[in-house]
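Chains as they are written, first to last, in the numbering used here: chain A, 1 to 465; chain B, 466 to 572. Just so it is clear, CB atoms sit at the ideal spot from N, CA and C, and this is done for glycine as well. If you're wondering where the values come from, they're calculated on a predicted model, not measured in any experiment. Just below is one structure, and these are the notes that go with it.
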């Protein structure tokens, strides 16, 4: 067997592990193993590549390659290891972005390389797509990261004529691509790189709030496609398979995510959702409706008389790092014979499944995590629904108010419970920026303050009682 | 040449179907790990980055290739580590460990 065949065989092995990994990631039992399998496949592919011949001789710059890997790992490992779990979405965004950037660089470098040895070569479409999509994904992810990390406002940024400007820049990119196809100009290729970056930025600016995770999923799929395009340029089946797998499954995942929010993907991407709502911040509204607030001790008494309590956690819980105290409260209530469960909305937190990750971190037993539909059938017989740092996912406007931007989104029907308790920082609306009628409901009690502090006080009060 | 392109296109088409088929039945709690895991998988661009740096013949190509290797390594290493960290929390616990808060309740 020749050297090249052996390497290709190892690549085939790697591609197989990627398919198995994606399959494994679909079930809680095999997910971790699946990820390890893919990591092993990746290692095999990387090692095999060191023995590959390029243009008839072995790889140049081996030490430079190793140095680059060392630097990359030096930055990535501590970041990935030690960053807080709540910062997970922006972490995925940034790792996705650098992948897109790498794909664009690979495409452009390989093109210059081919052109240097065969001056008559024409630029082909896959090079241009690799540059366009890769750079787009890089720039878009960078903005998404900045939004989630709160380096800039997380709300949608809009300006007059936005859609028109976006369309014009998009058109410029297409004209550039066509021109480069005919002229094969390297200079124009660099301009395309710049235009793609601008396009990525302006595409992401009007997307804000709860929609950013969906956007990240989409950009993730884009990076996959950019990698596939680089695979065409390099003539590598491995890159084509892996990139396309990620691209196809990523687009499907993106659709699943926007469906969980009851919206279409186009609506998520182009509607500048939540930009026109202003937070009033007052406890009393113009129509005289006011909220009732209570102390943690009041709630502790309420909980003490309950026979079934449902916790509805949201991102606010994660921000205050209160998940451990919440679990403590749950155990305390259980020891008093009170039935406790956690109702998890599919998009609670900042990504689908994010809340499960955070609660698992706090050692909340699996069996107590209840999905939305099941929770809704239980809530009618629930004494207390304790909403911890969630807002939009329990907003009845999704059912009642056709003019609300979240109308049609599936929600957890906290309003069915006998009593509703909100632990909130302030009266500010949630991630999507929408008023919540439930806060003004007579059976609702609000406890203002940091979720962790409030929960800690409640634990102490329940113990004392 | 035309044949090679056709072969790549075949691979592309089949991969699209596999990609769609394989995640059709993912429970929503695993959406985040799945996104993160597939993020790591497109880090395979590291192979491409190695090949372009390994074949670089001009200074510009070297610089771009070197940059590509760094970025791709961040993607692949960071992606796998983050995914593993997320999934670590999903492992089923054989017996529920008694925590200190429980003991306090007992007294």
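Just list the residues that DSSP pairs residue i with in beta bridges.
| i | result |
| --- | --- |
| residue 371 of chain A | A/344 |
| residue 385 of chain A | A/310 and A/420 |
| residue 446 of chain A | A/293 and A/422 |
| residue 58 of chain A | A/53 |
List the residues of chain A that residue i touches, going by C-beta distances under 7 Å, in chain order.
| i | result |
| --- | --- |
| residue 540 of chain B | 95, 98, 99 and 102 |
| residue 471 of chain B | Going along chain A, no residue has its Cβ under 7 Å from residue 471 of chain B, so there is no contact; the nearest lies around 12 Å. |
In whole angstroms, give me the CA-to-CA distance for residue i and residue j.
| i | j | result |
| --- | --- | --- |
| residue 96 of chain A | residue 80 of chain A | 13 Å |
| residue 282 of chain A | residue 427 of chain A | Unreliable positioning characterises residue 282 of chain A in this predicted model, as indicated by a pLDDT of 41, which lies under 50. The coordinate reading is nonetheless provided below. Answer to the nearest angstrom: the Cα atoms are 7 Å apart. |
| residue 547 of chain A | residue 554 of chain B | The requested residue 547 of chain A is not part of the displayed model; chain A covers only 1 to 465. |
| residue 238 of chain A | residue 512 of chain B | 9 Å |
| residue 224 of chain A | residue 401 of chain A | 39 Å |
| residue 508 of chain B | residue 324 of chain A | 34 Å |
| residue 319 of chain A | residue 85 of chain A | 10 Å |
| residue 78 of chain A | residue 291 of chain A | 45 Å |
| residue 346 of chain A | residue 126 of chain A | 37 Å |
| residue 219 of chain A | residue 107 of chain A | 18 Å |
| residue 493 of chain B | residue 499 of chain B | 10 Å |
| residue 151 of chain A | residue 55 of chain A | 45 Å |
| residue 280 of chain A | residue 363 of chain A | With a pLDDT of only 39 at residue 280 of chain A, under 50, the local geometry of the prediction cannot be trusted, and the value read off the model is given with reservation. Between residue 280 of chain A and residue 363 of chain A, the C-alpha separation is close to 37 Å. |
| residue 278 of chain A | residue 149 of chain A | Its pLDDT being 40, under 50, residue 278 of chain A is placed unreliably in this model, and the value from its coordinates should be taken loosely. Straight-line Cα distance between these residues: approximately 22 Å. |
| residue 130 of chain A | residue 109 of chain A | 11 Å |
| residue 230 of chain A | residue 404 of chain A | 43 Å |
| residue 89 of chain A | residue 414 of chain A | 27 Å |
| residue 520 of chain B | residue 46 of chain A | 16 Å |
| residue 99 of chain A | residue 396 of chain A | 40 Å |
| residue 4 of chain A | residue 340 of chain A | 60 Å |
| residue 435 of chain A | residue 523 of chain B | 59 Å |
DSSP three-state label for residue i, please.
| i | result |
| --- | --- |
| residue 553 of chain B | helix |
| residue 339 of chain A | strand |
| residue 406 of chain A | coil |
| residue 88 of chain A | helix |
| residue 315 of chain A | helix |
| residue 354 of chain A | helix |
| residue 159 of chain A | coil |
| residue 250 of chain A | helix |
| residue 380 of chain A | coil |
| residue 329 of chain A | helix |
| residue 4 of chain A | helix |
| residue 400 of chain A | helix |
| residue 486 of chain B | helix |
| residue 77 of chain A | helix |
| residue 126 of chain A | helix |
| residue 454 of chain A | helix |
| residue 364 of chain A | coil |
| residue 220 of chain A | helix |
| residue 521 of chain B | coil |
| residue 436 of chain A | coil |
| residue 153 of chain A | coil |
| residue 349 of chain A | coil |
| residue 30 of chain A | coil |
Taking residue i as the query, report the chain B residues whose CB atoms sit under 7 Å from its CB, ordered along the chain.
| i | result |
| --- | --- |
| residue 91 of chain A | 547 |
| residue 18 of chain A | 506 |
| residue 110 of chain A | 517 |
| residue 35 of chain A | 502, 545, 548, 549 and 552 |
| residue 263 of chain A | Result: empty, since nearest Cβ-Cβ is about 15 Å, beyond 7 Å. |
What does residue i touch in chain B if you count any residue whose Cβ is under 9 Å from its own?
| i | result |
| --- | --- |
| residue 55 of chain A | 520 and 522 |
| residue 72 of chain A | 511, 534, 535, 536, 537, 538, 539, 540, 541, 542 and 543 |
So which residues on chain B does residue i lean against when the C-beta distance must stay under 8 Å?
| i | result |
| --- | --- |
| residue 214 of chain A | Correct list: empty, because the minimum Cβ distance to chain B is about 10 Å. |
| residue 38 of chain A | 502, 505, 506 and 545 |
| residue 257 of chain A | 496 |
| residue 7 of chain A | In chain order: nothing, as chain B lies at least about 10 Å away. |
| residue 191 of chain A | Those within 8 Å of residue 191 of chain A in chain B number zero; the least Cβ separation is about 16 Å. |
Taking 7 Å as the line, does the beta carbon of residue i fall inside it for any heavy atom of the ligand ATP?
| i | result |
| --- | --- |
| residue 11 of chain A | Judged by which ligands are present, the structure shown has none, so any question about the ligand ATP falls away. |
Could you tell me whether the Cβ of residue i comes closer than 8 Å to any Cβ of chain D?
| i | result |
| --- | --- |
| residue 75 of chain A | The structure shown has no chain D; the protein chains it does contain are A and B. |
Which residues, taken in chain order from the segment 487 to 504 of chain B, show a beta carbon closer than 9 Å to some beta carbon of chain A? 487, 488, 489, 490, 491, 492, 493, 494, 495, 496, 497, 498, 499, 500, 501, 502, 503 and 504
Chain-ordered residues of the segment 513 to 535 of chain B with a beta carbon less than 8 Å from chain A: Hits within the stretch, in order: 513, 514, 515, 516, 517, 518, 519, 520, 521, 522, 523, 525, 526, 527, 529, 530, 531, 532, 533, 534 and 535.
Name, going along the chain, the residues of the segment 227 to 255 of chain A whose beta-carbon falls closer than 8 Å to a beta-carbon of chain B. Those residues of the segment 227 to 255 of chain A that come within reach of chain B (Cβ to Cβ, closer than 8 Å) are 227, 228, 230, 231, 232, 234, 235, 236, 237, 238, 239, 240, 241, 242, 243, 244, 245, 246, 247, 248, 249, 250, 252 and 253.
Along the segment 403 to 430 of chain A, where does the CB come closer than 8 Å to a CB of chain B? Name the residues. none
Positions along the segment 348 to 360 of chain A whose CB lies within less than 7 Å of some CB in chain B: 351, 352, 353, 354, 356, 357 and 360
Of all the residues that make up the segment 285 to 317 of chain A, which are near chain B by a beta-carbon distance shorter than 8 Å? none
If the cut-off is 7 Å on Cβ atoms, which residues from the segment 154 to 176 of chain A count as contacting chain B, listed in chain order? none
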